[in-house]
Structure formats: structure tokens, C-alpha cells
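Taken in order, these protein sequences are the chains called S and X. At position 54 of the first sequence the residue is numbered 54 (the UniProt record's numbering), and the sequence of numbers has no breaks. At position 183 of the second sequence the residue is numbered 183 (the UniProt record's numbering), and the sequence of numbers has no breaks. Just so you know, even glycine gets a beta-carbon here, dropped at the ideal spot from N, CA and C.
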Amino acid sequence: MSASTNSDGLPRWATLALLPAINLGAALVVSSLVILAIGQDPLSALAFMVKGAVGSGTGLSYTLYYATSLIFTGLAVAIANHAGLFNIGGEGQAYVGGLGTGLVCLALSGWPWYTVLPVAVLAGALFGAVWGLIPGYLQAYRGSHIVITTIMFNFLASALMVYLLGGPLIEHGQMAPESREFAESTFLPAVKEIAAGLGYRTSTLPLNLSLLLALLCAAGVWFLIWHTRWGFQMRTVGANEAAARYAGINARTTIVVAMAISGALAGLVGINELQGVQHRITLNFQAGMGFTGIAVALMGRGHPVGIVLSSLLFGALYQGGAELSFEYNEISPRLVVVIQGVVILFSGALEHMFRPALVRLLKPKAAASAAGQRA
Amino acid sequence: MSQTVPLSVPPQPGPWAVELVGIDKRFGPVHANKAVSLRIRAGSIHGLVGENGAGKSTLMSILYGFYQADEGQILVNGAEVRIREPKDAIALGIGMVHQHFMLVEEFTVLENLMLGAEGGALLKDGIRKARAEVERLEKAYRLDVPLDAKVADLNVGIQQRVEILKALYRGAQVLILDEPTAVLSPPEVQDLFRILDALRAQGRTILMITHKLKEIMAITDAVSVLRQGAVVASFHTQDTNEAALAEAMVGRRANPAVRRPGAPAGAPLLTVEDLSIFDERGVERLKRATFRVRAGEIVGVAGVAGNGQSELLEALSGMTPFQRGRVHVNGRDVTPESPMDPAQARRQGIAHVPEDRLRRAVVKPFPAFQNALLGYQDDPAMADGPRLNWKRVAAATARLMEDWDVRPRQPSLRTSLFSGGNQQKLVLGREMERDPNVLLVGQPTRGVDIGAIEFIHRRLLAMRDAGKAILLVSAELEEIMALSDRILVMCDGAITGELAAEDATEGLIGRLMAGITDDMEHGSRADAAGGAA
Chain S
1 MSASTNSDGL PRWATLALLP AINLGAALVV SSLVILAIGQ DPLSALAFMV
51 KGAVGSGTGL SYTLYYATSL IFTGLAVAIA NHAGLFNIGG EGQAYVGGLG
101 TGLVCLALSG WPWYTVLPVA VLAGALFGAV WGLIPGYLQA YRGSHIVITT
151 IMFNFLASAL MVYLLGGPLI EHGQMAPESR EFAESTFLPA VKEIAAGLGY
201 RTSTLPLNLS LLLALLCAAG VWFLIWHTRW GFQMRTVGAN EAAARYAGIN
251 ARTTIVVAMA ISGALAGLVG INELQGVQHR ITLNFQAGMG FTGIAVALMG
301 RGHPVGIVLS SLLFGALYQG GAELSFEYNE ISPRLVVVIQ GVVILFSGAL
351 EHMFRPALVR LLKPKAAASA AGQRA
Chain X
1 MSQTVPLSVP PQPGPWAVEL VGIDKRFGPV HANKAVSLRI RAGSIHGLVG
51 ENGAGKSTLM SILYGFYQAD EGQILVNGAE VRIREPKDAI ALGIGMVHQH
101 FMLVEEFTVL ENLMLGAEGG ALLKDGIRKA RAEVERLEKA YRLDVPLDAK
151 VADLNVGIQQ RVEILKALYR GAQVLILDEP TAVLSPPEVQ DLFRILDALR
201 AQGRTILMIT HKLKEIMAIT DAVSVLRQGA VVASFHTQDT NEAALAEAMV
251 GRRANPAVRR PGAPAGAPLL TVEDLSIFDE RGVERLKRAT FRVRAGEIVG
301 VAGVAGNGQS ELLEALSGMT PFQRGRVHVN GRDVTPESPM DPAQARRQGI
351 AHVPEDRLRR AVVKPFPAFQ NALLGYQDDP AMADGPRLNW KRVAAATARL
401 MEDWDVRPRQ PSLRTSLFSG GNQQKLVLGR EMERDPNVLL VGQPTRGVDI
451 GAIEFIHRRL LAMRDAGKAI LLVSAELEEI MALSDRILVM CDGAITGELA
501 AEDATEGLIG RLMAGITDDM EHGSRADAAG GAA
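Shown next as C-alpha cells:
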């Protein structure tokens with residue numbers, strides 16, 4: 001009878017495609033009303049948003065760049081969720097993971113990027129893993145609730161980074177709380193260099209090689225969750241801890257490991273943001289990606305394919321929204337946040353709102369394909 | 001539970017309280033109710049029996065508004081009604097007591113009764129009115145319930161009375177009970193039947209779903225049998241008997257498995273010495289249990305639920321650590337200093353079918369084939385390196401389903417969509433197909449229909465004859481006596497007696513279940529015996 005199941009007989013395609021499309025449509029309708037309320041034409045505004053996000057090479061490049069970070073944090077939230085843990089510490093794990101990546105890039109000055117990258121990935125994953133593992137340990141062995149501890153670890157991460165970037169890591173003689181720039185040899189190839197290699201000239205764009213890393217991670221997470229023994233054990237712990245104990249699964253270590261993997265995934269945001277784009281450790285480089293990752297994971301239903309797709313959607317919202325507030329003086333960046341919020345509201349928090357209506361609408365079809373009964 | 005209770009005079013043929021006419025319901029390919037027609041007389045107790053998946057629960061869910069029928073009519077007191085949701089049913093005076101109680105454990109009884117009927121924004125007046133009304137109902141029906149106790153502190157029998165009281169407080173004239181005795185001990189069943197009798201005497205109508213034919217014979221006025229979604233027979237209870245009902249349910253004569261004496265038992269496969277478990281408050285829940293289970297025998301553990309049998313199974317399967325004693329199995333000594341976890345227990349050849357299969361033995365949202373691997377996920381035959389080979393698992397599950405007659409035969413169907421009996425067969429199959437040396441099995445046939453009980457019993461006996469050791473815990477005395485070669489009786493955490501199958505009688509076991517042993521002769525033997533009867 002739970003709304004998250006198919007016991008109401010809704011066919012799979014409707015759950016996976018039609019329902020999200022309806023939710024998105026509803027979000028756009030409400031957003032249009034808001035835009036209308038401030039005296040703008042919603043159709044042209046939304047069209048401009050879409051055009052800004054995917055209508056040009058530059059826009060698309062930004063969309064994909066945002067999506068890259070969201071894939072990492074979305075996967076992080078999803079994997080913890082499969083273990084029954086609500087990890088809202090993606091923000092802090094991304095932040096601390098970026099520290100690891102940044103320190104490697106600073107230390108390995110002069111090395112070529114392709115030798116730096118594996119070390120930077122390991123360091124980012126390791127730092128993020130530690131930041132996820134500690135709340136995981138406290139949950140598993142001390143009973144401290146993971147939601148509380150991960151929130152607190154976000155604040156700890158923030159305090160730690162302010163201290164490091166304001167003191168030990170600040171560039172000598174500078175006022176801005178940032179590290180010095182990494183050596184140019186360590187920069188991850190961006191779309192500009194890749195295009196140049198293929199004979200095209202583009203302007204400097206943020207999209208870089210880390211998108212491929214994100215897609216690899218998505219494939220890896222898919223394999224891990226559904227096709228390995230450990231993934232099976234983790235899903236069992238997440239779905240029914242008593243059954244896990246019965247099956248001889250150590251729920252505690254499973255929880256700790258799941259949180260470490262979750263943190264490691266979030267920790268890779270720094271590869272995209274720091275080694276890929278900013279080329280130095282900056283304050284708040286993760287910029288809310290950890291939190292948006294929760295919405296991404298929710299909308300992607302914890303499945304890597306869904307997460308990649310919803311990352312693209314949210315990436316487009318970021319980019320289209322930025323363009324929109326740039327173009328329309330009356331539309332402030334805050335309104336863009338409202339639009340993003342409405343999308344999260346309809347596709348995340350209210351994702352089952354239209355379900356009963358849809359079930360009634362599709363009833364004859366649904367009845368024919370439902371599989372079982374509760375007699 | 002076999003004793004009869006005082007029955008009131010069978011009701012005069014009166015008006016129909018509820019009439020279901022041509023109720024039809026499909027869930028996709030499953031035709032759960034096929035043009036079911038059923039009429040229930042006001043002021044009677046009407047039994048509804050049938051195998052798992054026969055459509056009983058679906059039918060009652062339609063009457064209570066959880067589902068809507070695809071076709072058919074419902075008449076209450078002769079008038080056609082539409083029931084779209086439980087609220088409509090409650091308004092029509094229909095109440096339901098679910099098998100799994102719907103109570104807020106942290107609330108008091110009175111607060112639970114008032115839920116949804118608070119009677120205003122401020123609680124004070126509502127509480128006063130509710131208390132007066134509930135006390136009146138309690139007196140009228142001899143429902144002895146402490147109104148100010150927290151529900152979590154009450155035992156299941158009392159919690160069930162709270163559910164009944166809740167339905168009555170909402171004005172239920174028709175009461176639906178879904179397997180009300182499944183969770184009750186024999187004395188609690190007697191109490192329940194007394195209450196039902198009082199309700200009937202006051203003109204209320206009761207519809208009772210059950211698997212237990214003895215209960216039908218003991219308490220109902222009329223009985224209907226469902227098979228594969230259709231009503232196949234309806235009787236006045238006085239005109240039928242258990243054999244006829246069983247035959248109608250399964251469509252053939254049921255032959256309950258009868259224990260054949262096996263070959264003489266062999267070497268001990270499981271040795272338990274001086275085993276004790278203390279709970280977190282330091283109470284000794286299992287007291288110095290000592291026994292052996294040998295190759296080729298079934299040892300039954302009898303006792304009223306909650307007298308240490310669960311703890312015994314948990315300790316032997318490695319799920320709960322024990323604080324004193326020694327277990328010797330397959331050449332390994334397990335002690336409090338060197339404990340054994342469930343994974344190690346499986347490696348020692350111990351298989352475990354837990355008492356509470358829905359909570360422990362399966363993960364309900366997973367497809368059946370994944371549950372067929374649960375506990376054996378380390379089996380290298382089912383993996384290529386770190387990758388689980390689900391294809392191979394699904395193929396093995398298909399074979400298991402064929403072997404164990406799990407219906408429907410769909411390995412990728414979500415486990416929660418199988419009926420309870422079919423889930424149980426899946427779990428038993430999983431544990432027994434691995435060819436363990438020792439099988440620990442709790443309540444193997446709880447909530448399972450007659451056809452499946454027979455099947456499960458035959459499998460257990462076959463396993464015994466193959467030279468395995470089986471420890472069987474069951475609340476059904478009949479089951480213990482039908483299968484066991486030796487019977488251990490437990491009371492208050494201690495083993496109060498051990499009987500050979502030939503010497504065991506219900507009376508003797510009953511006395512041991514009540515804790516009356518020969519060295520207690522000087523005690524209040526007569527009182528205790530009276531209490532146990």
C-alpha cells in the first residue's frame with residue numbers, strides 16, 4: 001500500500017518517465033505563474049532559459065560542467081540511501097575532498113596532469129571518505145543519528161576550510177582566502193584544449209575531462225549496488241536490518257563502508273571544480289552542490305541512470321537560470337532559486353502527488369500489467 | 001484451543017446484516033475474487049476459511065473499503081451501499097480488527113481508542129465522554145482492558161481486545177476479524193471466544209477469517225469456504241465437520257502427515273549444555289538448557305509462546321550471544337568466549353528458519369530470487385569473483401519454486417506479492433535445499449494453509465529420514481506431536497521435561513508447559529493444573 005511501490009499497479013514506464021514529466025510540467029506551470037506575477041512574459045522567459053542552457057555550445061558546456069558535480073554528489077546521496085542512511089553531509093564531504101585534491105595539485109607542481117589526476121582522485125576520495133566515515137562510525141557503533149552528525153560535519157568542514165584558507169594555505173601576500181594557483185601542467189584538460197586538439201577553436205569553457213570520470217563513477221555505482229555481493233548486503237541492511245543480521249551480514253561495518261564510499265564520491269567534486277576549473281583551493285567552491293545532490297538523487301530514484309539525467313536537468317536549471325537573471329533586469333537571481341526550488345518541490349518532495357490520479361487514468365492498462373495480489 | 005466454549009443459543013433466522021453479491025476483483029492476471037456471493041445473518045458469527053491466496057483477505061478488504069470491487073454489490077441491512085474507503089465502512093457500522101494490530105504503541109489505551117474520534121479541538125471533554133462510553137462497553141462485553149496503560153506494555157491478547165474495543169467504540173455492528181487467533185496463546189483464545197460470544201449475544205455480527213478449522217467448529221454459526229477466489233461451499237456449522245471443511249478448502253481429502261517412526265537415531269549432531277541467556281535487564285530468559293539432537297531425529301520444543309523457545313533458537317543460530325554454557329556442533333565448540341555469528345553458524349551446517357519470517361527471513365521489497373540467496377550470498381557457485389551471477393541465482397530459484405510448489409512461479413516477482421504460505425515455502429526451500437546437518441525451525445506452518453502444512457510436514461520428515469537433526473519449535477501442540485521423535489517442554493525459560501514421542505500425551509505436555517514437574521508435587525499443583533487446563 002506504500003506509495004513508493006508499484007502495488008497500485010502503475011506500469012513501470014509511467015513511473016519512470018511519465019510521472020517525472022508530469023511533475024516537471026507542473027513545476028514549470030507554477031514557475032510561469034510566478035514570472036507572470038512580476039509582470040514578465042513566462043513563455044519567453046522560459047524559452048530564454050532553455051536556450052541559455054542548451055541553445056549554444058557555451059551554454060551546453062556550462063550545463064554539463066554543473067551536471068558533473070551533481071553526478072558526484074547525487075551518487076553519493078543515493079548509495080548511502082540504499083544502505084538506509086540519509087547522508088546530508090555531501091556538502092562537507094565535497095569540501096574536504098576538494099582539500100585533498102587541492103593539496104595534491106599544489107604538491108605535485110610540474111607533474112603532467114595525467115600523472116597528477118590519479119593521485120588527486122585518490123586524495124579527494126580519501127579525504128571525502130574520511131569525512132563520511134566518521135559520521136558512519138558514530139551511527140553504527142554509537143547510535144548518533146547520521147542526519148545530525150552529517151549536518152554538524154558540514155559546519156566542521158566549513159570552519160576547517162576557513163581556518164586553512166585564511167592561514168596556513170593562503171597565498172603569500174594576498175588578501176583573498178585562497179591558495180596559490182596550481183602549476184599549469186596539473187590543470188585538467190578543458191573542452192577548449194580537447195577541441196583544439198581536434199582542430200576547433202573555442203573560448204575558455206569550464207567543461208572538462210572530469211565529466212568522463214563522473215560517468216565512470218555512475219557505471220561503477222550501478223555495478224556495485226546491483227551486481228556485487230557487497231551491494232546486495234548493503235541493500236539488505238538498508239531495507240531490513242533484522243533480516244541482514246539473520247543473513248550473517250555485519251550491518252555495522254556495512255554502514256561504515258557505505259558512508260565511506262558515499263563520502264568518497266562527494267569528495268570528487270574537487271576534481272571538477274578545482275583541478276578542472278578554478279585551479280586553486282577557494283572558499284565554498286562546492287557552492288551548494290552537496291545539497292542539490294539530495295534533490296538529484298531523489299529525482300533520479302537512486303538509480304545512476306536517473307541521477308545522470310536529473311543532474312543534466314539541474315545543471316540546465318543552474319545555467320539557464322544564470323542566463324535568465326543576466327538578461328532580464330527584473331528577474332533577480334533569487335527568482336531563479338525559486339524556480340529551482342519549485343522543481344525540487346514537485347519532483348522531489350511531491351513526487352507522488354499525481355500518482356493516484358495517474359493510476360485512475362491508466363486503470364484498464366494498469367490492471368492488465370500488474371503482477372500480483374494481496375489475498 | 002480444542003476445548004469448546006459455552007455457546008449461546010444459535011440465532012433465530014434473522015435479517016441479513018451484510019450481503020455481498022457477485023463481487024469480482026482482478027489484480028492484473030490474478031483473479032482474486034470470482035463473482036463471490038456471501039450473506040451473513042445479523043447476530044451471528046460467520047467463519048471464512050480457505051487456503052492462502054484463496055481471496056479471503058481481498059474480499060474483506062473490499063468490504064472494509066481498502067479495495068473496490070470491479071463488479072458486484074454490497075448490501076448492508078438490506079440497502080445497497082458504496083464503500084470507497086474505510087471511513088465509509090466505519091460510517092456503516094463495519095469495523096475491522098487486522099491480524100497485525102494498528103495501534104500507536106506509545107499511546108495509552110484510551111488515547112488509541114479516541115484516535116480519529118477525538119470529539120473536538122480540545123481533548124478534555126472528549127476524554128471524559130470517551131472514558132464513560134468505553135467503560136460501559138467494557139462492562140457490557142467483559143473486555144477487561146486497563147484504559148490508562150501504555151499499549152506497548154500490554155501483551156498481544158490485551159492489545160487485540162483494545163482493537164475490538166476500538167471498533168465497538170466507533171459503533172461497529174459488524175466486526176471483521178482477520179486471523180484473530182494467529183498470535184494468541186490457548187488461554188487467550190478462550191478469552192477471545194468468550195468475548196465474541198458476548199458480542200453475538202448482544203446482536204452484533206462477526207465475520208472471522210481463520211485457518212483453524214477447530215475454531216470454526218467451536219465458535220461459528222455458519223461458515224463459507226473460498227477456493228481460488230470463489231465460494232465453493234457454505235454450511236451451517238452444526239451440519240458440517242472439520243474433514244468436510246478441509247476437503248472443500250483444498251478440493252480433496254487432506255491427509256495430515258503422520259509421524260512414521262524413523263530408523264534409530266544416530267550420533268548427536270547438536271549438543272547443548274547448560275545454556276543460559278540473560279536479557280539486558282539481567283533476567284535469565286533461557287535457563288541452563290541441556291539436550292542433544294541426534295542424526296535422524298526431530299526434537300520438538302513445546303511451550304506457551306514466550307517461555308524461552310525463541311531465545312533458544314536465537315542462541316543456537318548465532319543471532320543472540322549467550323552468557324553461559326556450551327554448544328557443540330560439527331566439531332566446533334561454541335562458548336560465550338568464542339561465540340558464533342549467523343554466517344559462521346551456516347558454515348557449520350546449521351540452517352535456521354526463524355519464527356518471524358516476515359521480519360527476518362525475507363526482505364519484502366526484493367524480488368523473490370534475491371531472497372532465495374539471502375544468507376547464502378557468500379556461495380561461490382552463485383558469483384563470478386565479486387560479481388553476483390543473478391542469472392544463475394534466478395535459475396536456481398526457478399528450480400526451488402518448482403520443487404517447493406511456490407506460487408506463482410515467478411522468481412522476479414516482488415516477494416511481498418507472494419502470500420504468506422508461499423513466502424514460507426520459499427524460505428524453507430532455501431534453508432533445506434542447502435543440505436544442512438542441523439535444521440532449526442520455528443513455527444514452520446504459522447499462517448500457512450492446510451495443503452501447504454501437509455507438504456511442509458512431509459518435507460521435514462524426509463529430511464529426518466535422510467539422517468539430519470531437526471529442532472522444531474512450534475506453538476501448535478498437534479504439530480509437535482505429529483512430527484517429533486522426542487519432545488522437550490519449556491516453561492519460564494527452563495526445560496521442564498523431556499518425553500519420548502510414545503509417552504507424550506496432550507495432558508502430560510500441558511502439565512509440563514505449566515511448569516508442573518514431579519519434584520514440585522508439594523506446590524499448588526491443583527491450582528496450576530487448573531490454570532493450565
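Between the C-alpha atoms of residue 89(X) and residue 79(X) there is a straight-line separation of about 14 Å. Here residue 310(S) has 296, 299 and 300 as same chain residues with Cβ atoms under 6 Å from its own Cβ, once five neighbours each way along the sequence are excluded. Close CB contacts of residue 42(S) within its chain, under the 6 Å cut and outside five residues either way in sequence, are with 32, 35 and 36 (chain order). Its chain contains 86 and 88 as the residues whose beta carbon lies nearer than 7 Å to that of residue 147(S), once the 5 sequence neighbours on both sides are disregarded; these appear in chain order. Secondary structure within the region 99-158 of chain X: the alpha helix (DSSP H) runs of 4 or more consecutive residues, fully enclosed, are 109-114 and 123-141 (chain order). Restricted to the region 287-369 of chain X, the beta strand (DSSP E) segments that are unbroken, complete and at least 3 residues in length are 297-302, 324-329, 332-334 and 350-353, listed in chain order. Within 8 Å of the CB of residue 405(X), no CB atom of chain S is found; the nearest one sits about 17 Å away. The beta carbon of residue 363(X) falls within 7 Å of a beta carbon belonging to chain S, placing the residue at that interface. Taken through DSSP and simplified to helix, strand or coil, residue 271(X) comes out as strand. Between the region 295-307 of chain X and the region 226-233 of chain S, the count of Cβ pairs shorter than 8 Å is below three; the stretches do not touch. At the C-beta level, residue 226(S) and residue 304(S) stay beyond 7 Å of one another. When the five nearest sequence neighbours on each side are left out, the beta carbons in the same chain lying within less than 7 Å of the beta carbon of residue 319(X) are those of 342, in order along the chain. C-alpha of residue 144(X) to C-alpha of residue 174(X): approximately 21 Å in a straight line. Any Cβ of chain X closer than 7 Å to the Cβ of residue 81(S) would place that residue at the interface, and such an atom is absent. Less than 7 Å separates the beta-carbon of residue 262(S) from that of residue 76(S).
Only those residues of the region 337-362 of chain X whose C-beta falls short of 7 Å from the nearest C-beta of chain S are listed: 341, 342, 343, 346, 354, 359, 360, 361 and 362. In the three-state scheme derived from DSSP, where H, G and I count as helix and E and B as strand, residue 83(X) is classed as coil. Chain S has no Cβ within less than 7 Å of the Cβ of residue 420(X).
Within the same chain, and ignoring the five residues on either side of residue 39(X) in sequence, the residues whose Cβ sits closer than 6 Å to its Cβ are 16 and 19.
In terms of Cβ geometry, residue 119(S) and residue 130(S) do not form a close pair [threshold 7 Å].
Within chain S, the residues 246, 247 and 248 have their CB atoms less than 8 Å from the CB of residue 375(X), given in chain order. In this chain, residue 212(X) is not harboured by any alpha helix (DSSP H), its DSSP state being neither H nor E. Taking 7 Å as the Cβ-Cβ cut-off, the region 225-242 of chain S approaches chain X at 227, 228, 229, 232, 233, 236, 239, 240 and 242, given in chain order. Put simply, the backbone Cα of residue 143(S) is about 18 Å away from that of residue 249(S). Your pair residue 15(S) and residue 203(S) does not check out as a contact, with CB atoms roughly 42 Å apart and the cut at 8 Å.
Residue 56(S): not part of any beta strand (DSSP E); DSSP gives it neither H nor E.
Secondary structure at residue 131(S): helix, using DSSP grouped into helix, strand and coil.
Less than 7 Å separates the beta-carbon of residue 350(X) from that of residue 438(X). Of the candidates 62(S), 94(S), 361(S) and 327(S), 94(S) places its Cα closest to the Cα of residue 270(S). The beta carbon of residue 380(X) sits no closer than 7 Å to any beta carbon of chain S.
Separation of the CB atoms of residue 10(S) and residue 355(S) is rounded to 7 Å, and the pair is thereby assigned contact status at 8 Å. Residue 75(X) is outside the set of residues whose beta carbon lies under 7 Å from a beta carbon in chain S.
Under the Cβ distance rule, residue 63(X) does not count among the residues neighbouring chain S, no pair being separated by less than 7 Å. For residue 261(X), the closest Cβ of chain S is not nearer than 7 Å.
Only buried fits residue 352(X), as 16 or more other CB atoms lie within 10 angstroms of its CB. In summary, the residues of the region 383-396 of chain X whose CB is separated from some CB of chain S by less than 7 Å are 383, 386, 387 and 388, in the order they occur in the chain.
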